[in-house]
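Single-structure report; data block below.
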Amino acid sequence: MTMTETTPTFTRKNEWEKLPGRTKIAPRALDRVVSAVTADALGVNNKKVSVDLNDDDGNLSLTVSAPIRVPSLVRIENEPGVVDRQGGPLLERAKTAQEQIRTRVQQLTGNQVARVIVKITGVDIQEERRVR
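In my numbering, the protein residues as written are 5 to 136.
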């Protein structure tokens with residue numbers, strides 16, 4: 005048996021596929037990426053996000069738990085359109101966040117995401133800002 009050295013030919017789209025070796029993302033790093041993406045999608049601090057990663061036939065299955073940021077009831081009463089401007093009702097915002105999480109995690113990690121379960125654990129009330 006002889007070993008021959010191959011010189012990969014690169015194309016922009018798949019040059020990483022032909023490089024020798026392997027690149028692996030540690031579970032902790034993946035957890036942090038998912039946490040940051042979830043926090044951004046729900047408008048909360050990433051320290052308030054809990055992530056559970058699982059394998060689903062070679063794809064990622066994500067369960068994320070976090071509060072969701074909402075305007076105060078006083079603000080909703082004073083500004084009737086504030087709910088729509090902030091993404092709509094909670095269930096609609098959770099569905100939008102689910103798709104954002106799936107898309108961004110796939111873009112950032114290169115892993116296929118089979119499922120995203122979003123559990124809203126509470127609300128993070130956005131206090132009114134005082135204008136001076």
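We put the CB at the ideal spot given by N, CA and C, even for glycine. Treat the numbers as computed from the prediction; the structure is a model and nothing was measured.
Query raised in the report: What's the gap between the Cα of G47 and the Cα of N115?
Result: 24 angstroms
Requested in this report: Can you check the region 49 to 131 for any beta strand (DSSP E) of at least 3 residues that lies completely inside it and give the ranges in chain order?
Outcome: 54 to 60, 63 to 75, 117 to 130
Query raised in the report: If you drop the 5 nearest sequence neighbours on each side, which residues of the same chain put their C-beta closer than 8 angstroms to that of V41?
Result: Q104, I105, R108, V109, L112
Query - Where E26 falls: helix, strand or coil (DSSP) - result: One detail in the question is off: residue 26 reads as Arg in this sequence, not Glu. Three-state DSSP puts R26 in coil, outside helix and strand.
Query raised in the report: Looking at C-alpha atoms only, which residue of K99, I80, E96 is the closest neighbour of Q151?
Result: What the structure shows of the chain is the stretch from 5 to 136, and residue 151 is not part of that stretch, so it cannot be assessed.
Requested in this report: Decide if A33 is buried, meaning its Cβ has at least 16 other Cβ atoms within 10 Å, or exposed.
Outcome: exposed
**Report entry** Reference A43; option with closest CA among R119, P71, N82
**Finding:** P71
Requested in this report: Less than 8 angstroms between the CB atoms is what I'm expecting for N63 and V117, so what's the real figure, rounded?
Outcome: 7 angstroms
Query raised in the report: Is the distance from the Cβ of L77 to the Cβ of V120 below 7 angstroms?
Result: Cβ atoms of L77 and V120: not closer than 7 angstroms.
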